[in-house]
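A.B. asks: With the UniProt record's numbering, letter number 132 in the sequence shown gets 132, and the count goes up by one each step, no holes.
Even for Gly, the Cβ is constructed at its ideal location relative to N, Cα and C.
Structure in structure tokens, see below.
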Amino acid sequence: MTIATGDSVTLEYTGRLDDDTVFDTSRKSVAEETGLAETQPDREYTPLTVEIGAEQVIEGMEEGLIGLEAGETETLTIPPEKAYGEPSDENIQEFETAELQEMLGGQTPEEGSYLEAQNGSQGEVIHVDEDVVRVDFNPRLAGETLTFDVEIIDVS
């Protein structure tokens, strides 16, 4: 059965950056080999099931899966515009240092630390001084070309 929009697809995957760094995987053995398992100790590494067309994965992944069949393996190369887009200055927000300290219970954020916004998005603190804190809410993988090795387990 060839994958089409509306199908439920179960797959194993490993995602790499251009420099071959593994940033995500469904395979426990790959996570252990690459050190991902240490950075995400509570994560379960299991096959991923997605509905094609429901926007549960990035656009380029959905497009790359269409036409594949159960048992097939494929390498998908996904440019930034079909993944997490390019970094944008619009995603860098400024906060008054005193106001942010109050929201954080008196703590001053440090450069390199991460904050979670009310909408659940995570941002990296990229600048702190007496007056202003700048937080970069661009997706971590913005601007990256992503390569996924996928193995289709099941299609229904």
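In whole angstroms, give me the CA-to-CA distance for Gly112 and Pro87.
C.D. replies: Each residue's Cα considered, the two are about 17 Å apart.
A.B. asks: How is Gly60 classed by DSSP in three states: helix, strand or coil?
C.D. replies: Looking at Gly60 - three-state DSSP - the assignment turns out to be helix.
A.B. asks: State the Cα-Cα distance for the pair Ile152 and Glu63, rounded to the nearest angstrom.
C.D. replies: Looking at the two C-alpha atoms, the distance is approximately 14 Å.
A.B. asks: Kindly confirm or deny that the region 141 to 149 and the region 67 to 86 touch, where touching means at least three C-beta pairs closer than 8 Å.
C.D. replies: Touching, per the Cβ criterion.
A.B. asks: Going by DSSP in three states, Asp89 sits in which element: helix, strand or coil?
C.D. replies: Helix.
A.B. asks: Could you give the uninterrupted runs of the alpha helix (DSSP H) lying entirely in the UniProt domain "PPIase FKBP-type" (6 to 86), keeping only those of 4 residues or more?
C.D. replies: You should have 28 to 34, 36 to 39 and 59 to 65.
A.B. asks: Give me whichever residues DSSP pairs with Thr2 in a beta bridge.
C.D. replies: In DSSP, Thr2 forms a bridge with Glu69.
A.B. asks: Mapping DSSP to helix, strand and coil, what is Leu141?
C.D. replies: In the structure shown, Leu141 sits in coil (DSSP, three-state: anything other than H, G, I, E or B).
A.B. asks: In this structure, how does DSSP classify Thr97 when only helix, strand and coil are distinguished?
C.D. replies: DSSP places Thr97 in helix when its eight states are reduced to three.
A.B. asks: State the DSSP-derived secondary structure class of Glu110, mapped to helix, strand or coil.
C.D. replies: Coil at Glu110, not helix or strand.
A.B. asks: Could you give the DSSP three-state label for Glu151: helix, strand or coil?
C.D. replies: Three-state DSSP puts Glu151 in a strand.
A.B. asks: If you draw a straight line from the C-alpha of Ala37 to the C-alpha of Tyr45, how long is it?
C.D. replies: Approximately 9 Å between the Cα atoms of the pair.
A.B. asks: Taking all protein chains shown into account, do 16 or more other C-beta atoms lie within 10 angstroms of the C-beta of Gly138, making it buried, or fewer, making it exposed?
C.D. replies: It should be pointed out that residue 138 corresponds to Asn in this sequence rather than to Gly. With 16 or more other Cβ atoms within 10 Å, it is buried.
A.B. asks: Going along the chain, which residues of its own chain have a beta-carbon closer than 6 Å to the beta-carbon of Asn91, five neighbours each way excluded?
C.D. replies: Only Phe137 and Asn138 meet the Cβ criterion.
A.B. asks: By DSSP's criteria, Glu124 is part of a beta bridge. Which residues make up the other side?
C.D. replies: Partner(s): Tyr114 and Asp136.
A.B. asks: What are the residues that DSSP puts in a beta bridge with Leu104?
C.D. replies: Leu104 pairs with nothing; no bridge assigned.
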